[in-house]
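Asks: Counting in this note's numbering, the sequence shown runs from 5 upward without gaps.
My structure is below; once you've seen it, I'll send some questions.
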Amino acid sequence: MGLETLRVRLHALAFVDEFGPLYALFTLWFIDNGVTTAQLSVVFVMWAGLAIALEIPSGALADRIDRRVLLAAAFGIRAVGIAAWLVWPTFGGLLAGALLWAIHDALASGAWEAMIHDQLDAIGQAEAYGRVMARVGQWSHLGLAGGAALAAGLARIGTSIEVIGWINVAIHGGSILLVLVLPDVRWVADTDAAAGSDAGERGPVAEWWRTLRAGVSTARRRRDVARLVVMGALIEGLFIVDEYVPVMARLRGASNTVVAIVVLAVWAGLLIGGEVAARRPDLRGPQLGTLLAVGSFGMLVAVVTQPVWTLLLVGAGYGALEATWVVSDARFQAAIPSRTRATVTSVRSFNGGLIAAAAFGTIGWLATGDDPSPGLVIGVAALIGTGVLVTRWLPAPRADTISA
């Protein structure tokens with residue numbers, strides 16, 4: 005398989021996996037059924053908590069088994085979680101579905117990046133990872149934007165959120181099929197792990213434990229990797245403002261149609277940020293740090309003001325976040341060993357989950373009624389500070405990345 009064919013398949017998978025019309029409206033589904041903003045935040049904390057608990061063990065698992073199968077299982081579990089939301093639209097149903105989604109998040113985290121890196125490595129194109137991931141991210145966001153646009157159209161003609169949700173469940177069949185038809189490239193990681201290893205003399209549990217320890221050690225003991233873990237965890241963990249955009253829009257008097265349009269603007273910002281990362285993978289720390297700080301300041305304005313239209317600034321901020329995330333992830337993947345790639349990536353996500361849990365908890369604690377703004381101010385301010393870390397800690401691009 006050539007690079008272009010692989011790109012098409014990855015783009016299709018990324019699009020279909022995120023093409024969910026319910027994602028723009030699911031918080032409103034529960035608000036309309038009596039769930040409060042504080043309860044939403046409690047569930048988000050528990051969601052993040054389970055994902056945190058499973059994060060690193062599942063990453064080590066993804067370094068030991070077929071990542072395609074693991075991702076297919078994750079997609080199926082998420083579909084069941086969404087179905088639980090639809091048949092049980094209460095706090096308990098929200099919690100059950102969120103916990104299933106958390107299992108999906110843990111299984112997919114690390115496995116997704118590692119699978120794509122191995123697919124590229126198998127055809128001798130590992131150096132193209134940054135650009136490919138930027139485009140994959142764009143197709144993911146196109147899927148999200150397409151789902152939001154579909155939600156807006158369906159809501160406009162009077163389709164209930166419940167029906168929109170069942171459409172979302174059905175779409176998961178496409179994601180499962182698309183990931184399973186990718187080539188089996190487990191030999192890439194097996195070849196890397198075989199160098200200097202006595203894996204053949206160990207049992208599967210011992211090998212899983214060995215992989216877990218090696219990945220955690222790399223994340224802790226290598227200063228360059230540790231800095232990238234901290235920086236990436238902050239960006240990943242504070243990527244949460246969009247969860248509250250529908251609620252803030254509703255509080256400012258927006259209809260369901262307007263809410264979906266505002267969410268669409270957020271995903272459009274992500275798409276633009278991915279384009280910046282794809283065209284300029286050689287951006288350096290000072291450039292990205294400034295971009296992140298300015299974009300985050302725009303989100304701060306959106307949170308503290310009252311007009312609905314200011315929420316469009318969240319889209320601009322998310323564009324800056326996405327560009328920073330994609331470029332920093334490419335530098336991160338270039339710095340870590342292949343045989344523990346998913347594990348080390350999961351260490352970063354583990355820390356990101358801790359930060360997200362703290363952020364959701366703070367938002368819920370400080371919420372005034374259904375208004376999440378007081379806690380969001382703290383989270384967005386932390387993103388402005390993260391821009392300083394990006395300026396200082398982001399490694400310079402490698403020569404092969406610039407020329408890829």
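Note that CB positions come from ideal geometry on N, CA and C, so glycine has one too.
Between the stretch 323 to 332 and the stretch 101 to 117, are three or more C-beta pairs nearer than 8 Å?
Replies: Cβ pair count under 8 Å is below three, so no.
Asks: For residue 399, which residues from the same chain have a beta carbon less than 6 Å from its beta carbon, with the 5 sequence-adjacent residues on both sides left out?
Replies: Taking the first residue of the sequence shown as position 1, residue 399 is located at position 395. Closer than 6 Å at the Cβ level, and outside the excluded window around residue 399, lie 335.
Asks: Just the C-alpha distance for residue 123 and residue 345, rounded to the nearest angstrom, thanks.
Replies: The count along the sequence shown starts at 1 and reaches residue 123 at position 119. The count along the sequence shown starts at 1 and reaches residue 345 at position 341. The straight-line gap from Cα to Cα measures roughly 13 Å.
Asks: Starting from residue 41, trace the alpha helix (DSSP H) in both directions and tell me its first and last residue.
Replies: Locating residue 41 in the sequence shown gives position 37, where the first residue counts as 1. Element bounds for residue 41: 41 to 66.
Asks: Taking the C-alpha atoms as reference points, what is the distance between residue 41 and residue 53?
Replies: Residue 41 sits at position 37 when you count from the first residue of the sequence shown. Residue 53 sits at position 49 when you count from the first residue of the sequence shown. Each residue's alpha carbon lies about 18 Å from the other.
Asks: Measuring only the C-alpha atoms, how far is residue 200 from residue 156?
Replies: Along the sequence shown, read from residue 1 onward, the residue named residue 200 stands at position 196. Along the sequence shown, read from residue 1 onward, the residue named residue 156 stands at position 152. Its pLDDT being 46, under 50, residue 200 is placed unreliably by the model, and the measurement read from it follows with that caveat. Using only the alpha carbons, I get a separation of about 56 Å.
Asks: With H, G and I counted as helix, E and B as strand and the rest as coil, what does DSSP make of residue 215?
Replies: Translated into positions along the sequence shown, residue 215 becomes position 211. Here residue 215 sits in helix by DSSP.
Asks: Does DSSP put residue 372 in a helix, in a strand, or in coil?
Replies: Reading the sequence shown from its first residue, position 368 is the one you call residue 372. In this structure, residue 372 counts as strand in the three-state DSSP scheme.
Asks: Could you pull out every unbroken alpha helix (DSSP H) segment of at least 4 residues lying fully inside the stretch 80 to 153, listed in chain order?
Replies: You should have 95 to 112, 115 to 126.
Asks: Which one of 97, 112, 266, 396 has the shortest CA to CA distance from residue 311?
Replies: For this step, residue 311 is matched to residue 307 along the sequence shown. Among 97, 112, 266, 396, the Cα nearest to that of residue 311 belongs to 266.
Asks: Contact between the stretch 364 to 382 and the stretch 128 to 142: three or more CB pairs below 8 Å?
Replies: No, they do not touch.
Asks: CB-CB under 6 Å to residue 15, same chain, minus the five flanking residues each way: which ones, in chain order?
Replies: Your numbering for residue 15 matches position 11 in the sequence shown. If we look at residue 15 and ignore the five residues flanking it on each side, its Cβ neighbours are 143.
Asks: Report the option in 284, 393, 245, 337 whose CA atom is closest to the CA atom of residue 222.
Replies: If you number the sequence shown from 1, residue 222 lands on position 218. That would be 337, whose Cα lies nearest to the Cα of residue 222.
Asks: Rounded to the nearest angstrom, what separates residue 305 and residue 259 at their Cα positions?
Replies: On the sequence shown, residue 305 is found 301 positions in, with the first residue counted as 1. On the sequence shown, residue 259 is found 255 positions in, with the first residue counted as 1. Approximately 22 Å, taken between the alpha carbons.
Asks: Assuming residue 359 and residue 237 make a contact with CB atoms under 8 Å, what is their CB distance in whole Å?
Replies: By 1-based counting over the sequence shown, the position of residue 359 is 355. By 1-based counting over the sequence shown, the position of residue 237 is 233. Right, their Cβ atoms sit about 6 Å apart.
Asks: Assess contact between the stretch 136 to 151 and the stretch 112 to 120, defined as three or more Cβ pairs (one per stretch) separated by less than 8 Å. Is contact present?
Replies: Segments in contact, yes.
Asks: From which residue to which residue does the alpha helix (DSSP H) around residue 283 run?
Replies: Here the question's residue 283 lines up with position 279 in the sequence shown. 260 to 283 is the span of the alpha helix (DSSP H), which, as asked, contains residue 283.
Asks: Taking residue 160 as the reference, which of 264, 81, 88, 121 has the closest Cα?
Replies: Position 156 of the sequence shown, counting from 1, holds the residue named residue 160. It is 264.
Asks: Quick check: the Cα distance between residue 8 and residue 309, rounded to an integer number of angstroms?
Replies: For the purposes of this step, residue 8 is identified with residue 4 of the sequence shown, where counting begins at 1. For the purposes of this step, residue 309 is identified with residue 305 of the sequence shown, where counting begins at 1. Cα-Cα distance, rounded: 45 Å.
Asks: Looking at C-alpha atoms only, which residue of 113, 319, 88, 51 is the closest neighbour of residue 63?
Replies: Translated into positions along the sequence shown, residue 63 becomes position 59. Looking at the Cα atoms, 113 is the closest of the given residues.
Asks: Pick out whichever of 278, 79, 32 has its Cα sitting closest to the Cα of residue 262.
Replies: Reading the sequence shown from its first residue, position 258 is the one you call residue 262. Considering only alpha carbons, the answer is 32.
Asks: So, for residue 103: in the same chain, excluding its five sequence neighbours on each side, which residues have a beta-carbon less than 8 Å away from its beta-carbon?
Replies: Position 99 of the sequence shown, counting from 1, holds the residue named residue 103. The answer, listed in chain order, is 50, 51, 54, 85.
Asks: Which residues in the same chain have their Cβ closer than 8 Å to the Cβ of residue 151, if we skip the five residues on either side of it in sequence?
Replies: Stepping through the sequence shown from its first residue, residue 151 is reached at position 147. Once the five neighbours on either side are set aside, the close Cβ partners of residue 151 are 22, 23, 24, 25, 26, 27, 28, 172.
Asks: Helix, strand or coil for residue 400, going by three-state DSSP, please let me know.
Replies: Start at 1 with the first residue of the sequence shown, and residue 400 comes out as number 396. Reduced to three states, the DSSP call for residue 400 is coil.
Asks: Please report the straight-line C-alpha distance between residue 247 and residue 340, rounded to a whole angstrom.
Replies: The sequence position of residue 247 within the sequence shown is 243, counting from 1. The sequence position of residue 340 within the sequence shown is 336, counting from 1. Cα to Cα, residue 247 sits roughly 31 Å from residue 340.
Asks: Give me the Cβ distance between residue 235 and residue 332, rounded to the nearest whole Å; I'm assuming they're in contact under 8 Å.
Replies: For this step, residue 235 is matched to residue 231 along the sequence shown. For this step, residue 332 is matched to residue 328 along the sequence shown. With a Cβ gap of about 6 Å, residue 235 and residue 332 count as contacting.
Asks: Could you pull the start and end residues of the alpha helix (DSSP H) that residue 37 belongs to?
Replies: Here residue 37 corresponds to residue number 33 of the sequence shown, with the count starting at 1. Counting along the chain, residue 37 falls outside any alpha helix (DSSP H), and DSSP gives it neither H nor E.
Asks: In whole angstroms, what separates the C-alpha of residue 289 from that of residue 353?
Replies: Start at 1 with the first residue of the sequence shown, and residue 289 comes out as number 285. Start at 1 with the first residue of the sequence shown, and residue 353 comes out as number 349. The alpha-carbon atoms of residue 289 and residue 353 are separated by roughly 21 Å.
Asks: Classify residue 12: buried if its beta carbon has 16 or more other beta carbons within 10 angstroms, exposed otherwise.
Replies: For the purposes of this step, residue 12 is identified with residue 8 of the sequence shown, where counting begins at 1. Exposed, since its Cβ has fewer than 16 Cβ neighbours within 10 Å.
Asks: Counting along the chain, where does the alpha helix (DSSP H) carrying residue 170 start and finish?
Replies: Counting from 1 along the sequence shown, the entry for residue 170 is found at position 166. Segment 165 to 184, the alpha helix (DSSP H) holding residue 170.
Asks: As a quick exercise: from 292, 65, 145, 274, pick the residue whose alpha carbon is nearest that of residue 396.
Replies: Locating residue 396 in the sequence shown gives position 392, where the first residue counts as 1. Taking only the C-alpha atoms, the option nearest residue 396 is 292.
Asks: Please return the same chain residues whose Cβ sits closer than 6 Å to the Cβ of residue 383, not counting the five positions on each side in sequence.
Replies: In the sequence shown, counting from the first residue as 1, residue 383 sits at position 379. Once the five neighbours on either side are set aside, the close Cβ partners of residue 383 are 242, 363.
Asks: Between which residues of its own chain and residue 224 is the CB-CB distance below 7 Å, once the five residues before and five after are set aside?
Replies: Within the sequence shown, residue 224 is the residue found at index 220, counting from 1. Closer than 7 Å at the Cβ level, and outside the excluded window around residue 224, lie 230.
Asks: Give the range of the alpha helix (DSSP H) segment to which residue 329 is assigned.
Replies: Taking the sequence shown and counting its residues from 1, one reaches residue 329 at position 325. Residue 329 -> alpha helix (DSSP H) spans 316 to 339.
Asks: Could you tell me whether the stretch 278 to 288 touches the stretch 371 to 379, where touching means 3 or more Cβ pairs closer than 8 Å?
Replies: In short, these stretches do not touch, since the Cβ pair count stays below three.
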